[in-house]
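Reading through the structure tokens given below for one structure.
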Amino acid sequence: MRTAAIEYSPLEPFAKPAKPGQRPPRVFGAPSRYVQGAGVVDDAGHYLSRLGFRRSAVLASPRSFGAEADRVVASMGRAGLSVEPLSFGGECSLQAIEGHARTLQCAAKPVDGVVAVGGGKVVDAGRALAHRLGVPVAVIPSLASNDAPCAAVSVIYTPEGATADAEIYDENPVLVLVDTAIIAAADRRYLVAGMGDAMATWYEARATAATPGGVSVFGGRPTLAATALAQLCAATLYRDGADALDALGRAEISDALENVVEANTLLSGLGYESGGIAAAHAVAQGFTLIERVHNNCLHGEMVAMGVLAQLLLEGDLAEAEKAAGFFAAVGLPVRLANIGIDPDNGQELGVVVAGAMAFPFLCNMPDPVTPERLLAAILAADELGARIV
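The sequence shown begins at 5 in our numbering and counts up one residue at a time.
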């Protein structure tokens with residue numbers, strides 16, 4: 005186990021850079037095991053034991069320690085595993101991560117794994133903590149609002165909550181365990197937002213694959229497997245999205261709901277990380293620079309508007325209309341006003357465009373993107389939304 009905090013380059017890709025005249029290698033990453041189903045959180049100890057966890061830190065919020073994290077700890081106890089509970093509140097900041105790392109490094113007995121239970125910031129903190137300790141991480145998400153659980157990436161925030169950077173790791177979680185009953189008990193807005201994030205996976209992977217120099221988050225060319233998973237992700241959402249929400253309304257764990265949870269979490273997670281991201285997430289990053297939007301919108305809600313902008317940037321009106329129709333039907337934004345932006349506010353839109361242009365993976369678009377083209381696409385997305393609703 006590492007005995008001190010380490011410096012880590014947040015932008016160093018896994019793939020070795022290609023030599024001049026050569027293509028980057030194809031790279032695919034994934035969790036070692038993915039388990040999904042209603043009630044599986046009560047079997048967490050079984051799966052962790054099978055993967056070699058014996059004495060583990062369980063990182064969760066105070067709320068979660070009164071709910072799903074308590075069930076995880078109880079299951080680990082039944083499996084004979086030792087637990088070091090760590091209460092995590094606030095932001096996934098370097099200060100918080102380093103503080104927990106020092107606590108565990110000073111413990112009488114070292115831990116051999118980290119189990120992160122909860123929402124996105126807890127999961128990101130768990131990955132960052134495990135990396136600093138040199139141990140594997142297991143992720144047990146309480147929401148299906150984005151595709152982060154399967155990833156080897158953590159978003160790092162300032163103590164005040166502003167996005168500071170991202171850390172990219174060499175290993176994905178060894179286990180992602182998704183309890184569909186817990187996901188279904190959350191506000192439906194989270195599942196819907198996850199659909200927005202997941203829908204981007206196919207369109208961004210498609211763009212990356214079509215761009216000769218396009219690379220994934222790993223720094224390699226997208227694999228056929230990642231692109232196929234991304235396409236399956238979108239097809240699943242289009243087919244089952246509305247039915248999944250109907251099942252939520254009936255408090256029923258249906259096949260459609262299981263499919264959408266898998267699409268939001270596994271298909272999208274593998275598809276985006278190994279398939280590539282592009283303009284949809286660039287536009288979403290731009291939206292986060294408007295504090296009002298950042299504070300009131302979920303990631304997938306901003307990404308949904310980014311999807312429409314990307315498709316119109318590509319000139320694919322038919323697919324943009326299809327996506328906008330789906331978004332409107334499930335309750336995702338299709339107008340700038342839906343996320344709190346006035347399309348006539350040129351100053352704010354200028355901030356959004358500048359932020360999007362700075363996104364490192366915008367180069368995965370097949371044709372060069374200029375600020376003027378991007379602004380026109382964002383406004384065209386808003387106009388399309390006006391025709392749809």
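Backbone N, C-alpha and C fix where the C-beta goes; we use that ideal spot for every residue, glycine too.
Handout entry: Counterpart residues of Y38 in DSSP-defined beta bridges
Key = V180
Exercise for the section: Sort R377, A142, A230, P24 by Cα distance to R59 and report the nearest one. Expected result: If we check each option's Cα against that of R59, A142 comes out closest.
Practice task
With DSSP as the reference, label V44 as helix, strand or coil.
Solution key: helix
Handout entry: Backbone secondary structure at A8 - three-state DSSP
Key = In this prediction, A8 has a pLDDT of 42, which is less than 50 and means its spatial position is unreliable; nothing more can be read from the coordinates.
Problem - Rounded separation between G103 and L181 - CA only - result: 26 Å
Exercise for the section: Spatial neighbours of T107 within its chain, please: CB distance less than 8 Å, with the 5 preceding and 5 following residues excluded, ordered by chain position. Expected result: L90
Handout entry: Those residues which DSSP pairs with I172 across a bridge
Key = V157
Exercise for the section: Keeping to the same chain, check which residues put their C-beta closer than 7 Å to that of A48; ignore five residues upstream and five downstream. Expected result: V76, S79, M80, I144, L181
Handout entry: Helix, strand or coil at T167 [DSSP, three-state]
Key = strand
Practice task
Write down the C-beta distance between D244 and V264 rounded to the nearest angstrom, noting that I regard them as a contact closer than 8 Å.
Solution key: 5 Å
Problem - Whole-angstrom C-beta distance between A170 and I160, which should lie under 8 Å - result: Confirmed, Cβ separation roughly 6 Å.
Practice task
From the DSSP output, in three-state form, read off R339 for me.
Solution key: coil
Exercise for the section: List in chain order: all unbroken beta strand (DSSP E) runs of 3+ residues lying wholly within the stretch 234-281. Expected result: none
Problem - As assigned by DSSP and simplified to three states, the class of I144 - result: Strand at I144.
Practice task
Please classify S13: does DSSP put it in a helix, a strand, or coil?
Solution key: Confidence at S13 is low in this model, with a pLDDT of 47, below 50, so the placement of that residue should be treated as unreliable; the coordinate-derived value is given next. Note: S13 maps to coil in three-state DSSP.
Handout entry: From P226, E16, P114, A152, residue whose alpha carbon lies closest to that of P28
Key = Shortest Cα-Cα distance from P28 to any of P226, E16, P114, A152 involves P226.
Practice task
On a CA-only basis, which of Q109, G43, T167 is nearest L98? Give me that one, please.
Solution key: T167
Practice task
Going by CA-CA distance only, name the one from V334, E88, G70, T215 that's closest to C367.
Solution key: Taking each of V334, E88, G70, T215 in turn and checking the Cα distance to C367, the smallest one comes out for T215.
Problem - Exposure label - N300; buried when at least 16 CB within 10 Å - result: exposed
Practice task
Please classify R391: does DSSP put it in a helix, a strand, or coil?
Solution key: In the three-state DSSP reduction, R391 falls in the helix class (H, G or I).
Problem - Presumed contact (8 Å Cβ cut-off) between M369 and A313, rounded CB distance - result: Between A313 and M369 the Cβ distance is about 11 Å, and since that is not below 8 Å, they are no contact.
Exercise for the section: Note down the Cα distance separating S272 from G25, rounded to an integer number of angstroms. Expected result: 31 Å
Practice task
Please name the residue, chosen from G275, L179, R193, I294, that lies closest to G253 on a Cα-to-Cα basis.
Solution key: The closest CA to that of G253, considering only G275, L179, R193, I294, is found on R193.
Problem - Strand pairing of S53, partner residues [DSSP] - result: Paired residues: none, contrary to the question.
Problem - When R391, E208, A64 are compared against G275, the one with the closest alpha-carbon - result: E208
Exercise for the section: Report yes or no: do the stretch 255-263 and the stretch 196-208 share at least 3 C-beta pairs separated by less than 8 Å? Expected result: no
Problem - Unbroken beta strand (DSSP E) run spanning G290, endpoints - result: First-last for G290: 283-292, but that is the alpha helix (DSSP H), not the beta strand (DSSP E).
Practice task
Give the C-beta separation of I172 and V221 to the nearest angstrom, bearing in mind that I take them to be a contact with Cβ-Cβ under 8 Å.
Solution key: Indeed, because the Cβ distance is near 7 Å, the residues count as touching under 8 Å.
Exercise for the section: Please name the residue, chosen from A380, V219, G329, T212, that lies closest to F18 on a Cα-to-Cα basis. Expected result: Ranking A380, V219, G329, T212 by Cα distance to F18 puts V219 first.
Problem - contact_flag[the stretch 283-300, the stretch 35-46] where n(CB pairs < 8 Å) is 3 or more - result: no
Exercise for the section: Can you tell me which of the three DSSP states R67 falls into? Expected result: coil
Exercise for the section: Quick one: measure Cβ to Cβ for F32 and A230, integer angstroms, because I've assumed they're closer than 8 Å. Expected result: 6 Å
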